[in-house]
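Undergrad: This is the structure I have questions about; it appears just below.
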Amino acid sequence: EGMAHWMEVQAKEEQGHAEKFFKHIIDRGGRVELLAIEKPKSEWTSPLDSFNDAYKHEKYITGRINNLVKIAGEENDNAGSIFLQWFVTEQVEEEANVSKIVAMLEKIKDSANGLFMLDHKLGER
434 EGMAHWMEVQ AKEEQGHAEK FFKHIIDRGG RVELLAIEKP KSEWTSPLDS FNDAYKHEKY
494 ITGRINNLVK IAGEENDNAG SIFLQWFVTE QVEEEANVSK IVAMLEKIKD SANGLFMLDH
554 KLGER
């Protein structure tokens, strides 16, 4: 339950990040258009597998943000560059947090006690 809680909190946080992008685009006279996305994966073989996927996704998002920073620089979009810096910093934190959980799960392996303790800790988020 704790790991599921951690993921739910994370999902809500990510929704907040998307809303920041929406607001920035609208504030600058743009229009937000949401397109269809692929159905996300919903089954994993282990907690480690799910957090490895979460870490890979954070790395992917970091790459996308870095690309936006590059484009903003090329376009001399100072407002966009400043806006994106918050996300650059946030991604360092996001990757570090998930990486720590992956490292703990790798140490725990199949220890029921270890999984129980980590699950409890993640439920405190």
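Numbering (the numbering used here), first residue to last: 434 to 558.
Here a beta-carbon is modelled for each residue, glycine too, at the ideal position from N, C-alpha and C.
1) Looking only at its own chain, which residues have a Cβ that is under 8 Å from the Cβ of L555, when we skip the five neighbours before and after it?
2) Which of helix, strand or coil does DSSP assign to G496?
3) So A529 packs on L517, CB below 8 Å; how close in whole Å?
4) Using CA coordinates, which residue listed in K453, L551 and A536 is at the minimum distance from F520?
5) So, with DSSP's three-state summary, where would you put E434?
6) Under DSSP, the alpha helix (DSSP H) around E526 begins and ends at which residues?
7) Buried or exposed for A487, please, with buried defined as at least 16 other CB atoms from any protein chain shown within 10 angstroms of its CB.
8) Suppose you measure from the CA of T522 to the CA of H457; what does that come to, to the nearest Å?
9) Under three-state DSSP, which class holds G556?
10) Whole angstroms are fine: how far does the CA of M537 sit from the CA of I470?
11) I need the DSSP call for I459, collapsed to helix, strand or coil.
12) Taking 9 Å as the threshold (C-beta atoms), are R461 and A512 in contact?
TA: On the basis of the supplied data:
1) G435, M436, H438, W439 and I534
2) helix
3) Not quite, the Cβ-Cβ distance comes to about 19 Å (not below 8 Å), so this is no contact.
4) K453
5) coil
6) N511 to I541
7) buried
8) 17 Å
9) coil
10) 31 Å
11) helix
12) yes
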